[in-house]
Structures are given as structure tokens and as C-alpha cells.
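Residue numbers (the UniProt record's numbering): 1 to 228.
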């Protein structure tokens, strides 16, 4: 009698499990079966671009509280008119290496070339229909400290808009190194010509740079994190 009862006590759960497995099999594979805790699959949260049910006509995405800044972000404390303070205080933190020059070249060819041209002489692609920008190879711009150029990129100047949202701070410094390389390629020093095996032209009023790419540019790696 004990063995029969034990046999039934084991067979009944087995039958229940088998029936449950059979019930789970269906040809309607595109429709979900019974769901356990459906709230885990269907979140009641409102999507950012949907209308806020508590604020009719408004997006559910709300602006951050005043004073909020992204992690790792340092606010730029110089205003538009503070170019002299910026050129005095700001120093390029990046070394002038092949990687940095290559990084600066990519940024320049993405954001700067349309106005300033591939050589930085102001012969950009949009110049025929717009006022010509100043040449980056001029004595005036060549004499600017790196901090002044960084400030112009960040805040803009005259007809040039600011590129603070498009170009990341490190990329701004990298593109400044590339601009310096363009300036030096256009007005090489005697030691530059000697290193390249070129004799200075003593008959001309000034020394011209040989045509070709900027030495060291285009050899770097891709930008880290991103957008000067």
C-alpha cells in the first residue's frame, strides 16, 4: 500500500509538468503566451520625445537643472571680449607630435577648410560667394599666441561663428598645432630648408615653401572621443 501511494505521489507532479509543457507549445509563435510580471517587459516610463501626459503639448524630455554640466566638462570662463586675457593665460597642453598633427589635420579638413582653404590662405570653397576670411598665414595671425587662436575657435570673431559645440577642447589645441605647421610650411626657416636639402633663394625677396603636404601631417591616429 505504501509503495502504491508513493508511486502516485511521484506520477501526479510528473503529469502536471508534462501538461504544462504541452500547453506551452502552440503554432501561434508570433503572439506571446502568458507573461510573468509583464511590468518588467513593458516599462511605464514616458519616452523622451513623446508628449508629457502631465504637461500637454510639451515634450517629456526636460532640461537639466541650472548649473548642470557634463561629467569631465570644464566651463570656458572667458567671454567674447576677453581675448587678451585668454591669450595671456591659455597654453597649448598638447605636444607637437606626428599623432597630434594628424589629428589636427583631420579636424582642419572637416571644419576649417571650407572657409580658410586647404593651405590656410583664405581660399576656401565658399569664398567666391562670401567675404574672404583672413589668411592664417599672415604675419598678424602668425604672431598670435595659441591661446588667442583657441579663444577665436571657442567664441568666434567677426564673421566667424564659434565652434565650441562642434570641436572638442583637445581637438582645438590639435588644430592649432596644424595651423602652426601650415604657417611654417608657407614661411620656412633656413634650418627647415637645410633639413629638406633645399637651398634658400637669395634672389627673391622672401623664401617660398616647396609644394606638397605639411611634414608630419596625416600620420596620426583617429581623434579620441570625438568633436574641435
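The beta-carbon is built from N, C-alpha and C at its ideal position, and this holds for glycine as well.
Count the other CB atoms within 10 Å of the CB of residue i; is the residue buried (16 or more) or exposed (fewer)?
i           : result
residue 205 : Residue confidence for residue 205 is low, a pLDDT of 48 falling below 50, so the modelled location carries little weight; the figure read from the coordinates is stated next. Its Cβ having fewer than 16 others within 10 Å, residue 205 is exposed.
residue 57  : exposed
residue 188 : buried
residue 72  : exposed
residue 194 : exposed
residue 133 : buried
residue 229 : The structure shown does not extend to residue 229, since the chain spans only 1 to 228, so no value can be given for it.
residue 45  : exposed
residue 51  : exposed
residue 15  : exposed
residue 155 : buried
Alpha carbon to alpha carbon, how far is residue j from residue i? Give it in angstroms, no decimals.
i           : j           : result
residue 135 : residue 116 : 7 Å
residue 55  : residue 103 : 46 Å
residue 114 : residue 76  : 26 Å
residue 151 : residue 105 : 19 Å
residue 170 : residue 130 : 29 Å
residue 123 : residue 69  : 38 Å
residue 112 : residue 81  : 22 Å
residue 207 : residue 141 : Interpretation of residue 207 is limited by its pLDDT of 46, a score under 50 that renders its predicted location unreliable; the figure taken from the coordinates is listed afterwards. Going from the Cα of residue 207 to the Cα of residue 141 covers about 19 Å.
State the DSSP-derived secondary structure class of residue i, mapped to helix, strand or coil.
i           : result
residue 81  : coil
residue 157 : strand
residue 135 : coil
residue 11  : helix
residue 205 : In this predicted model, residue 205 has a pLDDT of only 48, less than 50, meaning its place in the structure is not dependable enough to derive any value.
How would you write the range of the alpha helix (DSSP H) that residue i sits in, first residue to last?
i           : result
residue 102 : 98-107
residue 180 : 169-186
residue 115 : 113-116
residue 232 : In the structure as shown, the chain starts at 1 and stops at 228, and residue 232 therefore has no counterpart that could be examined.
Determine, for residue i, whether the minimum Cβ-Cβ distance to residues of chain C falls below 8 Å.
i           : result
residue 100 : Among the protein chains of the structure shown there is no chain C, as only one such chain exists.
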